[in-house]
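**Q** Whatever position you read off the sequence shown (first residue = 1), add 466 for my numbering.
Just dropping this structure here.
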Amino acid sequence: METSAADMVIAARTAWEQASALIVTYAFSFVGALILLIIGYILSNVLQRSIYAGLGRFRGFDETLRKFFSRIVRYAVLVIVGVTVLAQFGVQTASIIAALGAIGLAIGLALQGTLQNIAAGIMLLVLRPFRVGEFINAGSVAGTVQEIGLFATELKTFDGLFVMAPNSELWNSPVTNFSRNPQRMQEIAIGIGYGDDIALALKIYADMAAADERILDEPAPNCFVSELGDNAVIVAIRYWTKSPDWFSTKLDFTKNAKLAFDANGISIPFPQRDLHIITTGGDKPARAEASPKVLLE
């Protein structure tokens with residue numbers, strides 16, 4: 467009995483010594499891991515703020531991209547810190563890194579279309595083919611840009627409809643930006659009769675362009691005969707305006723040109739048809755022939 471009791475005491479003492487050694491060893495590991503977590507968390511926040519502020523020094527760098535890149539750096543630091551902490555406790559990090567890579571690949575394949583939109587969104591924000599407030603036409607989408615996100619772009623059509631277009635569709639289509647250039651050219655062509663005074667029609671164009679403050683003096687307006695049509699002489703004018711005035715100027719100029727032509731006796735041909743009835747001596751017509759008289763181009 468005495469021998470058994472002595473053996474139990476020795477075993478207990480041995481177990482306590484081993485437990486003490488483990489506690490000391492893992493206590494240092496735990497303290498080291500805790501310190502790493504605190505340092506990593508602080509470092510990730512510092513780097514996030516630094517990168518966010520640093521990117522803000524670049525003129526025109528988008529706010530969305532600043533937040534995106536700064537957060538990516540923060541999460542990358544936190545992942546590295548997490549793997550390092552696990553290594554403190556003897557965990558094989560190689561297998562963890564391989565698992566994370568496999569998970570990332572699977573997620574990438576599952577979200578292939580979404581990742582394409584993110585990549586396209588980054589390119590749109592960096593290269594800036596359009597900005598918020600500009601009117602664009604890209605493929606089947608046309609409207610005023612309301613917001614450019616990482617996944618999709620929000621637009622408002624001219625009739626007030628809401629459109630959300632995937633960034634990949636906008637990036638893979640030719641983009642026509644109607645608001646980017648400060649000036650735009652407009653051409654207005656109206657057909658007049660062959661018997662009308664061409665010089666007077668061109669003078670009316672020039673006088674109207676000079677009287678409209680929205681039409682720029684440079685480049686100077688150009689009045690000319692653009693075509694001799696089948697039944698009309700096409701007189702045209704090319705002028706430049708500021709982009710915001712382009713549409714309103716077109717509407718007003720077209721209306722005022724019609725009123726000025728009427729006031730000066732210049733006709734604008736319109737479609738009509740004359741019927742010539744040919745009889746052969748009786749009351750009933752033998753045949754009827756139709757011939758176009760004036761056609762509007």
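All residues carry an ideal CB built from backbone N, CA and C; glycine is no exception.
How many Å lie between residue 758 and residue 662 at the Cα?
**A** The count along the sequence shown starts at 1 and reaches residue 758 at position 292. The count along the sequence shown starts at 1 and reaches residue 662 at position 196. Low confidence applies here, because residue 758 scores a pLDDT of 49, under 50, leaving its location unreliable; read the following figure in that light. Rounded to whole angstroms, residue 758 to residue 662 spans 20 Å at the Cα level.
**Q** Give the list of continuous beta strand (DSSP E) stretches no shorter than 3 residues that lie fully inside the region 617-646.
**A** 618-622, 628-632 and 641-643
**Q** In terms of residue numbering, what span does the alpha helix (DSSP H) encompassing residue 714 cover?
**A** The residue you call residue 714 lines up with position 248 of the sequence shown. First-last of the alpha helix (DSSP H) with residue 714: 712-729.
**Q** Enumerate in chain order the residues of its own chain whose CB-to-CB distance from residue 452 is below 8 Å, with the five nearest sequence positions on each side excluded.
**A** Residue 452 is absent from the model: the chain starts at 467 and stops at 763.
**Q** In the DSSP assignment, the beta strand (DSSP E) including residue 700 goes from what residue to what residue?
**A** Position 234 of the sequence shown, counted from the first residue, corresponds to residue 700. Note, residue 700: beta strand (DSSP E), 699-708.
**Q** Within a Cβ cutoff of 8 Å, which residues of the same chain sit near residue 649, ignoring the five residues on either side of it in sequence?
**A** Taking the sequence shown and counting its residues from 1, one reaches residue 649 at position 183. Same-chain partners within the cutoff: 682, 706, 707, 708 and 709.
**Q** Look up residue 652 in the DSSP assignment and give the residues it is bridged to.
**A** In the sequence shown, the residue the question calls residue 652 occupies position 186. Per DSSP, 705.
**Q** Are the C-beta of residue 514 and some C-beta of chain C separated by less than 7 Å?
**A** This model lacks chain C altogether, as it is built from one protein chain only.
**Q** Could you tell me which residues DSSP puts in a beta bridge with residue 613?
**A** Taking the first residue of the sequence shown as 1, we reach residue 613 at position 147. Looking at the DSSP assignment, residue 613 forms a beta bridge with 620.
**Q** CB-CB under 6 Å to residue 583, same chain, minus the five flanking residues each way: which ones, in chain order?
**A** In the sequence shown, counting from the first residue as 1, residue 583 sits at position 117. The answer, listed in chain order, is 617, 632, 633 and 634.
**Q** DSSP three-state call for residue 692: helix, strand or coil?
**A** By 1-based counting over the sequence shown, the position of residue 692 is 226. Residue 692: strand per DSSP, three-state reduction.
**Q** Classify residue 619: buried if its beta carbon has 16 or more other beta carbons within 10 angstroms, exposed otherwise.
**A** Counting from 1 along the sequence shown, the entry for residue 619 is found at position 153. Flag for residue 619 reads buried.
**Q** Could you compute how far the alpha carbon of residue 680 sits from the alpha carbon of residue 694?
**A** Along the sequence shown, read from residue 1 onward, the residue named residue 680 stands at position 214. Along the sequence shown, read from residue 1 onward, the residue named residue 694 stands at position 228. The alpha-carbon atoms of residue 680 and residue 694 are separated by roughly 30 Å.
**Q** Note the first and the last residue of the continuous alpha helix (DSSP H) segment covering residue 672.
**A** By 1-based counting over the sequence shown, the position of residue 672 is 206. 664-677 is the span of the alpha helix (DSSP H), which, as asked, contains residue 672.
**Q** Inspect the beta-carbon positions of residue 588 and residue 596 and report whether they are closer than 7 Å.
**A** Locating residue 588 in the sequence shown gives position 122, where the first residue counts as 1. Locating residue 596 in the sequence shown gives position 130, where the first residue counts as 1. Here residue 588 is not near residue 596, since their CB atoms are 7 Å or more apart.
**Q** Assuming residue 622 contacts residue 605 under a Cβ cut-off of 8 Å, what Cβ separation, rounded to an integer in Å, is found between them?
**A** In the sequence shown, the residue the question calls residue 622 occupies position 156. In the sequence shown, the residue the question calls residue 605 occupies position 139. Between residue 605 and residue 622 the Cβ distance is about 17 Å, and since that is not below 8 Å, they are no contact.
**Q** Who does residue 601 pair with in a DSSP beta bridge?
**A** Position 135 of the sequence shown, counting from 1, holds the residue named residue 601. According to DSSP, which records beta bridges pairwise, residue 601 is partnered with 610.
**Q** Measure the beta-carbon distance from residue 667 to residue 732 and round it to whole angstroms, keeping in mind my assumption that it falls under 8 Å.
**A** Here residue 667 corresponds to residue number 201 of the sequence shown, with the count starting at 1. Here residue 732 corresponds to residue number 266 of the sequence shown, with the count starting at 1. Indeed they touch by this definition, with Cβ atoms about 6 Å apart.
**Q** Considering only the beta carbon of each residue, do residue 671 and residue 689 sit closer than 7 Å?
**A** Locating residue 671 in the sequence shown gives position 205, where the first residue counts as 1. Locating residue 689 in the sequence shown gives position 223, where the first residue counts as 1. Their beta carbons are under 7 Å apart, which means residue 671 touches residue 689 by this criterion.
**Q** Taking the C-alpha atoms as reference points, what is the distance between residue 504 and residue 612?
**A** Locating residue 504 in the sequence shown gives position 38, where the first residue counts as 1. Locating residue 612 in the sequence shown gives position 146, where the first residue counts as 1. Spanning the alpha carbons of residue 504 and residue 612 requires a straight line of approximately 41 Å.
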